[in-house]
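To keep things clear, I will list the structure first and then write my remarks on it.
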Amino acid sequence: MLQTLEDFAITRDGRPYRAADVNYWGVTFTADDNRFYATLATGGRRHLVEGDLAAPTVRTVADNVECPSLSPDGRRIAFEQAVDGDPVKGWRPAVMDLASGAVRVLPEQRSVDDQPAWLDDATVAYALQRPDGVNDVWSVPADGPAAPRPGRRLPGAARLILRRGDPDLRARPARPAAPGVREAAGRRSGAAVPVGQETLTALQAAAAALYSVLPAP
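Numbering (this note's numbering), first residue to last: 54 to 270.
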């Protein structure tokens, strides 16, 4: 019985591959719960791999892809991309079309070092930490401009605090929401905006489903 992903047979660049430094993170599953995508790091390179639990195998799909997240319709991957391929320069959120391999960098110029999440087939969410340590959840259209630009900060952001073993995965507002502030405003402008309570509720439900299968620390 296989115990870890490191035991899976690897095909890299079309050839069988083995190495002692193989490391995986950022796993995201398809609807059939058999196929999955993940980050594979080895030999100083970071790959997006597609895996098959039943096989069990993985194959490289693209380079410079970290922390992938599969869209609900299974057509695209949201991920963090090292600037110029160098993690020292930071990461930018991006989206890859799996059919064509085309990559679109999302309109966010701050470094996003975290696995993104899909709110729906058209919207990507991610977390950014303020200087005071508060974590805000932001959203951006997945079809945003190809060239990144600063996200527009609206008042009334809320932060999502998730802990394994937390029974209700409560969302705690950083401050009261300003009247009339809605996530749709960011979609019209193509800018990143803090998500509202309805969106946080959707994130809570997704997180609860995930953490229900993970043991508490």
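Just so you know, even glycine gets a beta-carbon here, dropped at the ideal spot from N, CA and C.
| Query | Result |
| --- | --- |
| Check whether the stretch 137 to 148 and the stretch 84 to 92 touch, using three or more Cβ-Cβ pairs below 8 Å as the test. | no |
| Going by beta-carbon coordinates alone, are Tyr-77 and Ala-94 separated by less than 9 Å? | yes |
| For Val-187, count neighbouring C-beta atoms within 10 Å of its own C-beta (all shown protein chains included) and say buried if the count is 16 or more, exposed if not. | exposed |
| Leaving out five residues before and five after Glu-59 in sequence, what residues of the same chain have Cβ atoms less than 6 Å from its Cβ? | Val-75 |
| Contact between the stretch 149 to 157 and the stretch 177 to 192: three or more CB pairs below 8 Å? | no |
| Please list, in chain order, all residues of the same chain as Ala-115 whose beta carbon is under 6 Å from its beta carbon, the five residues on each side excluded. | Leu-101 |
| Let's see if you can read the secondary structure: which residues bound the beta strand (DSSP E) around Glu-103? | 98 to 105 |
| Which value, in whole angstroms, describes the spacing of the CA atoms of Cys-120 and Phe-82? | 12 Å |
| Mapping DSSP to helix, strand and coil, what is Glu-59? | helix |
| Measuring alpha carbon to alpha carbon, tell me which residue in Val-80, Asp-86, Ala-195 and Gly-96 is nearest Pro-146. | Ala-195 |
| Per DSSP, which residues does Glu-161 bridge with? Please list them. | In DSSP, Glu-161 forms no bridge with anything. |
| Within a Cβ cutoff of 8 Å, which residues of the same chain sit near Gln-134, ignoring the five residues on either side of it in sequence? | Asn-117, Val-118, Glu-119, Trp-144, Arg-145, Pro-146, Ala-147, Val-156 and Val-158 |
| Count the other CB atoms within 10 Å of the CB of Arg-65; is the residue buried (16 or more) or exposed (fewer)? | buried |
| Hey, out of Asp-86, Gly-97 and Val-80, whose CA is closest to Ala-73's CA? | Gly-97 |
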